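Position 86 (the sequence shown) corresponds to 926 in this note's numbering; numbering is contiguous. Beta carbons are placed, not taken as given, at the ideal position from N, Cα and C, and that holds for glycine. Fair warning: this is a prediction, and the values are worked out from it, not measured in the lab. Reviewing the structure listed below.
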Amino acid sequence: MAEPLIALDNVVLRYGDHEALTGINLGVNAGERIAFVGANGSGKSTLLRVLHGLLAPTEGLRRESLVTPADGRPLETRGSLGRARPLRVAMLFQRPFLLRLSAEANVRVGLWFAGVRGAHARQQAAEALRRVGLATEAQRPARALSGGQQQRLALARAWALQPDVLLLDEPTASLDPTAKREVEALLAELAAQGMTLLMASHQLGEVRRFAQRVVYLERGRVLADAPVQEFFEGAVPPEARLFLKGELPW
Ligand code: ADP
Ligand code: MG
């Protein structure tokens, strides 16, 4: 079994004296599509932030593997570190944070922070906008775009960085059904490329279509971690079953 790309060992995360995550053990393998589900406040966003590295665990450890430059798979051959590069991780939020600039400039700023400049950046930005169907909107102010277009722009900004792992925090929650479908279709394309995708969601239809593996959280604990089919049809703890039946508020 290859090394996980990201692993959490006994992670606890506290905000002040509020414990948002408790005893989390989790490994994310290359190419996996994992959905994190659970009621509001169960810790999904916090877990994504810890997996990303935006938040450091209060206790326990976050590890990430070095990857091969070409395909972003975990480096298996020890002693060949000269060929390794650090893992690239990007995150998409429920509401995209966009600057008061053109769509293209928003993508370029992301690339600039990643150290990509000049003609190369122009080319990568154009390609990313084309990928998400926004080539013709490139020069429009980002904030004048529709909600669905804004989320696709945020996806282009993340995609332009060619991350190995993309984390998505309820990316379609604020979108209308048409925009939802557009974003879902793009995610399916990224999945087909083999990108590792982690998504927090409480829309079970979306989870069923998207995920291979489902992690169910309740009050900061992982109560189930199962292949998607097993999660929806098979052996899950009673709490998760209640959630599936919609008996828990969210
Ligand atoms: P979810 O994404 O599943 O709704 P969150 O990870 O946002 O859950 O929140 C988990 C718990 O941590 C909740 O009880 C929430 O109120 C609390 N929490 C989240 N962010 C903060 C913060 N910045 N400061 C204090 N408490 C927070
Ligand atoms: Mg959340």
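Backbone CA spacing between residue i and residue j [nearest angstrom]
i, j, result
"residue 945", "residue 853", "35 Å"
"residue 868", "residue 874", "8 Å"
"residue 964", "residue 934", "24 Å"
"residue 1089", "residue 1064", "For residue 1089, the predicted structure reports a pLDDT of 49, less than 50, and the residue's modelled location is therefore unreliable. A value from the coordinates is still provided. Roughly 18 Å separates the two Cα atoms."
"residue 1061", "residue 882", "8 Å"
"residue 1032", "residue 1047", "16 Å"
"residue 843", "residue 896", "21 Å"
Extent of the continuous alpha helix (DSSP H) run through residue i
i, result
"residue 892", "884–892"
"residue 863", "Unbroken run through residue 863 is the beta strand (DSSP E), 858–868; no alpha helix (DSSP H)."
"residue 992", "987–1000"
Within 8 Å, strictly: CB atoms of residue i and residue j
i, j, result
"residue 1005", "residue 876", "no"
"residue 960", "residue 931", "no"
"residue 1009", "residue 1040", "yes"
"residue 947", "residue 975", "no"
"residue 1001", "residue 889", "no"
"residue 848", "residue 902", "yes"
"residue 846", "residue 916", "no"
"residue 860", "residue 1083", "no"
"residue 1068", "residue 1053", "yes"
Nonlocal neighbours in the same chain, by C-beta distance under 6 Å from residue i, ignoring five residues either side
i, result
"residue 1034", "871"
"residue 978", "943, 944, 969"
"residue 1007", "888, 892, 931, 1038"
Residue interval of the beta strand (DSSP E) (run including residue i)
i, result
"residue 901", "899–904"
Spatial neighbours of residue i in its chain, beta-carbon cut-off 7 Å, leaving aside the 5 residues before and after
i, result
"residue 885", "1009, 1040"
"residue 865", "848, 849, 850"
"residue 1022", "988, 992"
My parser needs the beta strand (DSSP E) runs of 3 or more residues fully inside the segment 910–963; what are they? Whole beta strand (DSSP E) segments, 3+ residues: 929–932.
With a floor of 3 residues, list each beta strand (DSSP E) that falls wholly inside the segment 1030–1083, ordered by position along the chain. Complete beta strand (DSSP E) runs here, min 3: 1036–1040, 1053–1058, 1061–1067.
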